[in-house]
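Everything in the sequence shown is counted per the UniProt record's numbering, starting at 1 for the first residue and increasing by one. Where a beta carbon is used, it is the ideal one built from N, C-alpha and C, also for glycine. Just below is one structure, and these are the notes that go with it.
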Amino acid sequence: MKLRKMTLNINGADRMFICDPEKDTLASVIRRLGLTGTKVGCGTGVCGSCTVMLNGKLVRSCTKKIGKIEEYSEVLTIEGIGAPRYLHPIQVAFMHAGAVQCGFCTPGFIVSTYALLRENPSPTREEVRDWFQKNRNICRCTGYKQIVDAVMNAAKVMRSDCALEDIMVKLPEDKEYYGKPLVRPAALAKVCGLADYGDDIELKMPENTLHAVLVQPKVAFHAKLKAIHKEEAEKMPGVYKVVTAADIKGPNRLGFMQFTPRTLASGQSHPILVEDKIFNYGDVVALVVADTKAHAQEAAKKVTIDWEQLPEYRTYLEAAMPDAQRIHEDHPNVWSEQPNVKGAGHDTPQLIDEAPYVVEGSFYSSREPHMPIEGDTVQAYWGDDGLLTVHCKAMQIYSNIGDIAEATGLPAEKIRVVENPTGATFGWGIAAATYAMAAIACLACDDMPVALSITYPEFMALSGKRAPAYTNGRLACDENGKIIGAEWDCGMDHGSYNELGDDLITRPAKFMFFPYNIPNCLGLTRVACTNHNYGTAYRGYGSPQAYTASEALMDMMAKKIGMDPFELRYKNIARPGDTNINQYPFREYPMEKMMDLMRPIYEEVKERAAKESTPEKKRGVGIAWGGYNVTEGIFDQCTVALELLPNGKFAKYDTWQDQGQGGDVGALVTTLEALKPLGVTPDDIVLIQNDSKYCPDSGATASSRQHYMNSKAVVMAADELMNAMRKPDGTYRTYEEMVAEGIPTKYETQYNNPEDMTLKYLDPNTGVGNPTPAFTYALHMAEVEVDTKTGKATCIGYWCVDDVGVIGNIAAVDGQAYGGLSHCIGFALTENYEDVKKHNNIAGAGIPTIKDIPDNFNLIHHCTPRNTNPFGSSGASEAFQSAGHMAVINAIDNACGVRIYELPAYPEKIKEGLDKLARGEEILPPKKYFLGSDFYEEMEYIKNNPMTDLFEDMFPEDKKESYQPITDIPD
Ligand code: FES
Ligand code: FES
Numbered sequence: 001m002k003l004r005k006m007t008l009n010i011n012g013a014d015r016m017f018i019c020d021p022e023k024d025t026l027a028s029v030i031r032r033l034g035l036t037g038t039k040v041g042c043g044t045g046v047c048g049s050c051t052v053m054l055n056g057k058l059v060r061s062c063t064k065k066i067g068k069i070e071e072y073s074e075v076l077t078i079e080g081i082g083a084p085r086y087l088h089p090i091q092v093a094f095m096h097a098g099a100v101q102c103g104f105c106t107p108g109f110i111v112s113t114y115a116l117l118r119e120n121p122s123p124t125r126e127e128v129r130d131w132f133q134k135n136r137n138i139c140r141c142t143g144y145k146q147i148v149d150a151v152m153n154a155a156k157v158m159r160s161d162c163a164l165e166d167i168m169v170k171l172p173e174d175k176e177y178y179g180k181p182l183v184r185p186a187a188l189a190k191v192c193g194l195a196d197y198g199d200d201i202e203l204k205m206p207e208n209t210l211h212a213v214l215v216q217p218k219v220a221f222h223a224k225l226k227a228i229h230k231e232e233a234e235k236m237p238g239v240y241k242v243v244t245a246a247d248i249k250g251p252n253r254l255g256f257m258q259f260t261p262r263t264l265a266s267g268q269s270h271p272i273l274v275e276d277k278i279f280n281y282g283d284v285v286a287l288v289v290a291d292t293k294a295h296a297q298e299a300a301k302k303v304t305i306d307w308e309q310l311p312e313y314r315t316y317l318e319a320a321m322p323d324a325q326r327i328h329e330d331h332p333n334v335w336s337e338q339p340n341v342k343g344a345g346h347d348t349p350q351l352i353d354e355a356p357y358v359v360e361g362s363f364y365s366s367r368e369p370h371m372p373i374e375g376d377t378v379q380a381y382w383g384d385d386g387l388l389t390v391h392c393k394a395m396q397i398y399s400n401i402g403d404i405a406e407a408t409g410l411p412a413e414k415i416r417v418v419e420n421p422t423g424a425t426f427g428w429g430i431a432a433a434t435y436a437m438a439a440i441a442c443l444a445c446d447d448m449p450v451a452l453s454i455t456y457p458e459f460m461a462l463s464g465k466r467a468p469a470y471t472n473g474r475l476a477c478d479e480n481g482k483i484i485g486a487e488w489d490c491g492m493d494h495g496s497y498n499e500l501g502d503d504l505i506t507r508p509a510k511f512m513f514f515p516y517n518i519p520n521c522l523g524l525t526r527v528a529c530t531n532h533n534y535g536t537a538y539r540g541y542g543s544p545q546a547y548t549a550s551e552a553l554m555d556m557m558a559k560k561i562g563m564d565p566f567e568l569r570y571k572n573i574a575r576p577g578d579t580n581i582n583q584y585p586f587r588e589y590p591m592e593k594m595m596d597l598m599r600p601i602y603e604e605v606k607e608r609a610a611k612e613s614t615p616e617k618k619r620g621v622g623i624a625w626g627g628y629n630v631t632e633g634i635f636d637q638c639t640v641a642l643e644l645l646p647n648g649k650f651a652k653y654d655t656w657q658d659q660g661q662g663g664d665v666g667a668l669v670t671t672l673e674a675l676k677p678l679g680v681t682p683d684d685i686v687l688i689q690n691d692s693k694y695c696p697d698s699g700a701t702a703s704s705r706q707h708y709m710n711s712k713a714v715v716m717a718a719d720e721l722m723n724a725m726r727k728p729d730g731t732y733r734t735y736e737e738m739v740a741e742g743i744p745t746k747y748e749t750q751y752n753n754p755e756d757m758t759l760k761y762l763d764p765n766t767g768v769g770n771p772t773p774a775f776t777y778a779l780h781m782a783e784v785e786v787d788t789k790t791g792k793a794t795c796i797g798y799w800c801v802d803d804v805g806v807i808g809n810i811a812a813v814d815g816q817a818y819g820g821l822s823h824c825i826g827f828a829l830t831e832n833y834e835d836v837k838k839h840n841n842i843a844g845a846g847i848p849t850i851k852d853i854p855d856n857f858n859l860i861h862h863c864t865p866r867n868t869n870p871f872g873s874s875g876a877s878e879a880f881q882s883a884g885h886m887a888v889i890n891a892i893d894n895a896c897g898v899r900i901y902e903l904p905a906y907p908e909k910i911k912e913g914l915d916k917l918a919r920g921e922e923i924l925p926p927k928k929y930f931l932g933s934d935f936y937e938e939m940e941y942i943k944n945n946p947m948t949d950l951f952e953d954m955f956p957e958d959k960k961e962s963y964q965p966i967t968d969i970p971d
């Protein structure tokens, strides 16, 4: 290898370094010099997270070969723009406009903004958007709107049109922080490029840390593994060991939980490293561990396998065919199911047959990839405290510990999990496969510290995705458009492994036709294993699949009756006295008021769209109702601790994992509210989070649960602490006084959802249940333009009226809203992970760029205080990514008459529909899907084979009678 000495002027100073002119990129050199504010996401020039300035021009440093750069060139990185004590106005603007969520893209955006404002100090919003489009700055978290806001604010300050203070969030003088847009505590490090994400931590690990990479053969979706040839790799320079399943002392499986007696799987089917069968394209057969990442990567190429092709079933429909072989020996491919039987129940089909208006169709909801800009990277080492410590993107630290323990065979008490600053996961961080891999590598390599690196294409092939779903559905209405009944058969493709798959099927069983009044229904949701990527958590988990069918049927019904789709929905939303498909009252009834808020906007946009529609560019408006549950229901619990510190501040300990959504600011604002009687300010709160050594188990960052659960637990802790501090005269003891009197200064409390006896898990025979202490609601409206020449649909406007209860931090809720809605738009139009070769990077898989998301992006918050939460709040995430895609799909139909039955609405599908219409042909739904057995026979079978609820003993009493929904909805 021939090296080169070079000097570059970096951030104003000449920096001399030695590099490999062939292999090094500008990014690798900068990062080796310690300037890790420049992040590498995709590594292939498509995401912009590595953006720096080179001789005054923006470049994506990950693809800029160092050997092609002139000596003494000038480089500007995020570190050269500003630092915590000397922040640049752009950095201030990003922090205060809520433009920073996970923050992984942030340095790239800030450098890009710096270049823009040098060139054009007074850009319009459209020019800002053009700039980020041209320079390929991609953000997966924010939905872009708050980023453009930040740029406009920074430009004003830089032009001296306003003072810096004018663009900063002002802290309320009355110390009423709840609901205000507090800046996220972690934002400062992120805007300065000082937050160390997984790759940065790896780069900074001590000497002798080993580096592990995957051996991911990518040869087949289903194969018998006959042999792994690792001898040649083991002889390669620097290789420590090639780790295979045979080296694992534990079971090599993650934990398993059964949620319904109808589950036929007997245990976890996910081997961390392949044993005797490859179950999907991204399966990992070995880990190559070496002294450097480069050595490990070179050696990994030398590992080969002998394999024998097995029949591949890449979709539910293939796996459910009667002649399909079992993918997993212990259970059939269709392995669990959840029915809904309400009102006329089994007689519903007959009611539908006889109804005046009936629509039916089959709908496919696609395999949506999460596409965080940061992929996956994990470190594992034995700490000096005797704990095997795993640093990762953990989304449920304590459950992840359980998974690692299960896989490795180590006792859970010997494992510590720390969440690294996380470049978002949107749900896949719940799965512990890669966390377990790093732990396995550490244990197999004589307890040496190991850093596991995964390239973006490897990550795409390896990670779980949103489970696709195939639904056959029917909906019946009377002459006035009032719903008589509905029927559905939904099959969810859970991919190669069963983790949580039987929990997933409870989601369509809650959200099909939510939040309408469906008096009679007969429904079934089934789950099958296939040979594609396994299904995993993703914001809105399990609900978008339901809305894909039910919100299409609602629109189809409106068309059939000749009624406005808004009016049909207004007529059928649930009102006090109506029950949901689980036969309980909705927890609250804000639906009518939310529609009243949307109505004038709908009328205006509808009129404008009709006026501006042309034969070449047709415009339309679509509506869709969505919503989600809050918490994991009867299983949920949350533990936190509060401590009075010697300096008079308060430490809050929790595992409110920050996946980009703002776990830090959530913990801050709820703690401030809980300790309000003490008159605390943000500076008084010290957050100690997401390290199992110090923090109690606050549960997963999932199911829109953290804000709801954490606020309950922190109120309990605050009460205990304040009671302990309170003197007889009502004043409060200081830390010294507490210690002097021997009063403990730290209080750990746990809130348990099971204490809420109104909760009831779904009945395995009927779906009757009351699974959540609150719901969230979102009414989505999209305005779409369809280019009739190409079939390309663009979302040009979006409105969402939501009700997530009292808002704790408006900036965080807005962030989740814009972010979730932007995923909805992508899900409708471009995103997919089906073709493992084409979809192996964010561009190929259709991540929305800034021009795919409208700037005309509007939120209307309707806040019904939740009576089961001390602050009136619920959760604020998943409603925003529940049904928005169907607003877009319905808008396409409204614009040009093309109903898209199978997502995503690629231009060629719309074009095909337009061509059909031009020929006078009808656009028919796909042929009814066969989901493993005849729907009616299966429902009859369930009726004749009732099963006992697994959780019956936990909750013997049905407290339906004492249940009080919220009907007093504020205006
Ligand atoms: Fe360089 Fe994505 S463009 S990391
Ligand atoms: Fe932009 Fe997360 S904040 S990718």
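Is the separation between the beta-carbon of residue i and that of residue j shorter than 7 Å?
i: residue 436; j: residue 404; result: yes
i: residue 236; j: residue 299; result: yes
i: residue 626; j: residue 439; result: no
i: residue 312; j: residue 533; result: no
i: residue 526; j: residue 950; result: no
i: residue 862; j: residue 515; result: no
i: residue 771; j: residue 875; result: no
i: residue 240; j: residue 19; result: no
i: residue 905; j: residue 793; result: yes
According to DSSP, is residue i part of a helix, a strand, or is it coil?
i: residue 279; result: coil
i: residue 452; result: strand
i: residue 956; result: Since pLDDT at residue 956 reaches only 48, below the 50 mark, its modelled position is unreliable, and the value read off the structure follows with that caveat. Looking at residue 956 - three-state DSSP - the assignment turns out to be coil, as it is neither helix nor strand.
i: residue 177; result: coil
i: residue 257; result: coil
i: residue 873; result: strand
i: residue 378; result: strand
i: residue 761; result: coil
i: residue 363; result: strand
i: residue 107; result: helix
i: residue 349; result: helix
Could you check the C-alpha separation between residue i and residue j for me, to the nearest Å?
i: residue 960; j: residue 547; result: Only weak support exists for where residue 960 lies, its pLDDT of 47 falling under 50; the value from the coordinates is given anyway. Answer to the nearest angstrom: the Cα atoms are 27 Å apart.
i: residue 642; j: residue 342; result: 46 Å
i: residue 975; j: residue 811; result: Since the displayed the chain opens at 1 and closes at 971, residue 975 lies outside it and no answer follows.
i: residue 523; j: residue 177; result: 45 Å
i: residue 710; j: residue 71; result: 54 Å
i: residue 584; j: residue 486; result: 17 Å
i: residue 254; j: residue 610; result: 54 Å
i: residue 143; j: residue 693; result: 35 Å
i: residue 400; j: residue 252; result: 14 Å
i: residue 550; j: residue 491; result: 14 Å
i: residue 418; j: residue 26; result: 30 Å
i: residue 882; j: residue 322; result: 33 Å
i: residue 394; j: residue 702; result: 11 Å
i: residue 956; j: residue 773; result: Unreliable positioning characterises residue 956 in this predicted model, as indicated by a pLDDT of 48, which lies under 50. The coordinate reading is nonetheless provided below. Roughly 18 Å separates the two Cα atoms.
i: residue 801; j: residue 373; result: 28 Å
Review point. Pairing CB atoms from the segment 653-662 with CB atoms from the segment 413-422, are three or more of them under 8 Å?
Key: Touching, yes.
Review point. Which full runs of the alpha helix (DSSP H) of 4+ residues lie inside the segment 646-699, going along the chain?
Key: Fully enclosed alpha helix (DSSP H) runs of 4 or longer: 663-674.
Check your understanding: Pairing CB atoms from the segment 266-277 with CB atoms from the segment 242-251, are three or more of them under 8 Å?
Key -> Verdict: yes, contact present.
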